[in-house]
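Under the working numbering, the residue at position 29 of the sequence shown is numbered 253, and the numbers go up by one with no gaps. Glycine included, each C-beta is placed from N, C-alpha and C at the ideal position. Just so we're clear, the structure is a prediction, and the values are computed from it rather than from any experiment. Data block below; observations after.
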Amino acid sequence: MHIDLSNISKQEFSYYCRVMLPKINKQIVSIKLSNILTLDSIKRFSTIVKIEKFTQLNKLVLVQVKFVDLKHILSKLNNLKTLIIMSTDYSGLDTERLNILKMIFELKSLKKCHLPVIDVSDLDDLKTSNIEQLAVDHCTMSCLGKLFSYIPHIQRLSVNVYADMQNLSPMYEDKNNVPSLTFLTLNTNDIPFGQVELLLSSRNLSQLRHLSFSFKTYSCNGRYLDYVDSQKWESILSSLSLLNRFKFHIEIPINKSVDIDTLYLTFQRDFYHQRKWFIDFDMYSYLYDYILTIHTRPFSQKHIRTGLQTNGIYHQVKNLQLMIDSQRQRHSQTPPRKYPNVTSLTLIAAKPIDESSVLFYLSKSIQFEKLTHLNIQFDNCSKQLLLMCLMKSPN
C-alpha cells in the first residue's frame, strides 16, 4: 500500500496519523510526507506515528524536511530500500547535515537515494555505502570526484554540478573505480571543460552504457568553446567502449565571428552517425548576445529556450520560452518547428516585433488549447496580440 500525506488538510493529516495508519501499518510499503502545505507536519507525524512498526516500509519520500525530524525518523528505520529527500530547510549547521549523511550511508539496506545537496566537506568521515542508485540536486565537481570513493556499488548516478564560486575546493582526482556504473546523468553549469574531461576520461567507466550530459552558461568566456569541440568529445566518447546511448545538451553564448556552419559539420562525422547519435544546432539572438544550443536528437528535455526555429517535432517539450529577435522574423517557406505538447508558453522580446509574424508562427507551432500558462514579456505588447492569444487559449 502506497500512502501520500503530502497534499491533504491538517485535519485529514491528523486523522490518518491517529486513526488510519496504526490499522494498516503492516501493509504500507511507501509513504510520502511534506512540510510545504502544512508547517511541521513531518514533526507531527514522527511524534504521533510509530514508524518502526511499519514492517513492510521500503520507500520514504520527504519534502522540505527539517534535519532534526529527519534524524528522528532515520533512527527508527533499518530496512529502508529507497529514500527520497526532495528538499530540506537548509537552516541547520553543516555538522547536522554531515550527521544525517552518515546515517543515510550507514543504512545497510538502502539501495536508492535522492539527496538535495552534498558538500565536499561532508565526505571526510563517511563509510562506504551500499547505495546502487543515487541522485544529488546540488554539488561541486570536487565533491563529485570524491563521492565516487564512497559509493563503490553505484549503478545509476544523476548529479547537478555547480561551480565552486569561492574556488576553495580543487578538483578531486581520486581514480577509484566504480565498476558497476552503467547509467550517468551529469548536468553542469559554468564548469571548465577540463574538469568534465578529467572526470570522464581519467576514471575507469568501462561499464558505462548510458551518458546524459548537459552544460549551460551565460558567460561569454572563450574557454567554454571547448564544450562545442567535436574532437574533444570524440576522444572522451571513444574511451567509453560500451556506451550505446548518448544524450547531449549544450547552451552557450557565442561570438558572431564563429562559423556556425563549419562547426555544425564537425558534429556530422561518421563517428557520430555510425553510433546513431544525431546532433542538431539551434541559434537565437537576444539583445547583443547570440546563444548557441547543441543537442542530440530526439530532444528529450521538457523545457526549451529558443528562437522562432523551423523543422522538427519536439514532443517532450512542455515549457516553451521563445526569444523573439526582430531581425529574424519572417513568414518562412520552411514549416515552423512543432511543439505539440506545450502547456506553458513565454514570449520574450526586447525590441519592437512583427506581431502578425509571431502569431502566424505560433498558430503552426503549438496547440493553444493545451496552454495553461501564458507569459508575454514585451516592452510594448499590443492589446490585439494579447487578446488573440487569450481567445485561442481557453484553459
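What number of angstroms, rounded off, separates the C-alpha of residue 479 from the C-alpha of residue 452? Straight-line Cα distance between these residues: approximately 13 angstroms.
Span of the beta strand (DSSP E) holding residue 477? In the DSSP assignment, residue 477 falls within the unbroken beta strand (DSSP E) covering 469–477.
Assuming residue 576 contacts residue 604 under a Cβ cut-off of 8 angstroms, what Cβ separation, rounded to an integer in Å, is found between them? Yes, residue 576 and residue 604 are in contact; Cβ-Cβ is about 7 angstroms, under 8 angstroms.
By the DSSP assignment, the beta strand (DSSP E) with residue 527 in it spans what residues? 527–530 is the extent of the beta strand (DSSP E) around residue 527.
Would you decide whether residue 428 is buried or exposed? Buried here means 16 or more other CB atoms lie within 10 Å of its CB. Classification of residue 428: exposed, given that the 10 Å Cβ count is below 16.
Exposed or buried, which one is residue 369 when buried takes at least 16 other CB atoms within 10 Å? Classification of residue 369: buried, given that the 10 Å Cβ count is 16 or more.
Which of helix, strand or coil DSSP assigns to residue 437: Residue state, collapsed to three classes: strand.
Give a yes or no on whether the C-beta atoms belonging to residue 323 and residue 304 are separated by under 8 angstroms. It is not a contact, given that the beta carbons lie outside the stated cut-off.
For residue 262 and residue 293, what's the separation of their Cα atoms in angstroms? Straight-line Cα distance between these residues: approximately 15 angstroms.
Which of helix, strand or coil DSSP assigns to residue 569: It is a strand residue.
Among 251, 260, 264 and 287, which residue has its Cα nearest to the Cα of residue 275? If you compare the alpha carbons of 251, 260, 264 and 287 with that of residue 275, the shortest gap goes to 251.
Should residue 533 go down as buried or exposed, given a rule of 16 or more other Cβ atoms within 10 Å for buried? Result: buried.
Spatially closest choice to residue 412 from 373, 455, 363 and 371, by CA coordinates: Looking at the Cα atoms, 363 is the closest of the given residues.
Ordered along the chain, which non-local residues of its own chain (more than five positions away) have a Cβ less than 6 angstroms from that of residue 509? Leaving aside the five residues that flank residue 509 on each side, the residues in its chain whose CB is nearer than 6 angstroms to its CB run, in chain order, 549.
Work out the CA separation of residue 345 and residue 257 for me, nearest whole Å. Whole-angstrom Cα-Cα distance: 29 angstroms.
With residue 330 and residue 351 assumed to form a contact (beta carbons below 8 angstroms), what rounded beta-carbon distance in angstroms separates them? Contact annotation, residue 330 with residue 351: C-beta distance approximately 6 angstroms; criterion of less than 8 angstroms satisfied.
Go to residue 547, then tell me how far its alpha helix (DSSP H) extends in each direction, as first and last residue. Counting along the chain, residue 547 falls outside any alpha helix (DSSP H), though it belongs to the beta strand (DSSP E) covering 543–547.
Going along the chain, which residues of its own chain have a beta-carbon closer than 6 angstroms to the beta-carbon of residue 409, five neighbours each way excluded? Excluding sequence neighbours, residue 409 sits near 382 and 436.
Just checking: is the beta-carbon of residue 417 within a distance shorter than 8 angstroms of some beta-carbon in chain B? Structure shown: chain B not included; a single protein chain is present.
Just curious, the alpha helix (DSSP H) that residue 323 is in, first and last residue? Here the alpha helix (DSSP H) through residue 323 covers 318–329.
Once the 5 residues before and after residue 520 are set aside, which same chain residues still bring their CB inside 7 angstroms of it? Same-chain partners within the cutoff: 470, 471, 472, 501, 502 and 503.
Cβ-Cβ distance between residue 278 and residue 312 below 8 angstroms: No. Outside cutoff.
Skipping 5 residues on each side, what residues in its chain have a beta carbon closer than 8 angstroms to that of residue 327? Excluding sequence neighbours, residue 327 sits near 295, 298 and 299.
Inter-residue Cα distance where the pair is residue 418 and residue 367: Rounded to whole angstroms, residue 418 to residue 367 spans 16 angstroms at the Cα level.
Under 8 angstroms between the Cβ atoms of residue 378 and residue 338? Taking 8 angstroms as the Cβ cut-off, residue 378 and residue 338 do not qualify as a contacting pair.
If distances are taken between C-alpha atoms only, which option among 336, 355, 359 and 609 comes closest to residue 374? Comparing Cα positions, the closest option is 355.
Check this for me: beta carbons of residue 523 and residue 545, under 8 angstroms apart or not? In this structure, residue 523 keeps its C-beta atom at 8 angstroms or more from the C-beta atom of residue 545.
C-alpha distance - residue 495 paired with residue 461, whole-angstrom precision: Rounded to whole angstroms, residue 495 to residue 461 spans 10 angstroms at the Cα level.
Give me, in chain order, the residues of the same chain whose beta-carbon lies closer than 8 angstroms to that of residue 468; leave out the 5 immediate sequence neighbours on both sides. Here the set comprises 433, 434 and 499.
Taking residue 459 as part of the alpha helix (DSSP H), name the residues at either end of that continuous run. From DSSP, the alpha helix (DSSP H) with residue 459 extends over 454–462.
Status (buried if at least 16 other CB within 10 Å, exposed otherwise) for residue 531: Answer is buried; the Cβ neighbour count reaches 16.
Are residue 566 and residue 588 close, meaning C-beta to C-beta below 8 angstroms? No; because the gap between Cβ atoms is not below 8 angstroms, this pair is not in contact.
From residue 538 to residue 563, what distance separates their C-alpha atoms? As the crow flies, the alpha-carbon of residue 538 is around 5 angstroms from that of residue 563.
Tell me where the alpha helix (DSSP H) around residue 523 begins and ends. DSSP places residue 523 outside any alpha helix (DSSP H), giving it a letter other than H or E.
Residue of 349, 347 and 380 minimising C-alpha distance to residue 335: Closest by C-alpha distance to residue 335, out of 349, 347 and 380, is 380.
Closest to residue 616 by CA distance: which of 318, 245 and 586 is it? Residue 586 is the option with its Cα nearest to residue 616.
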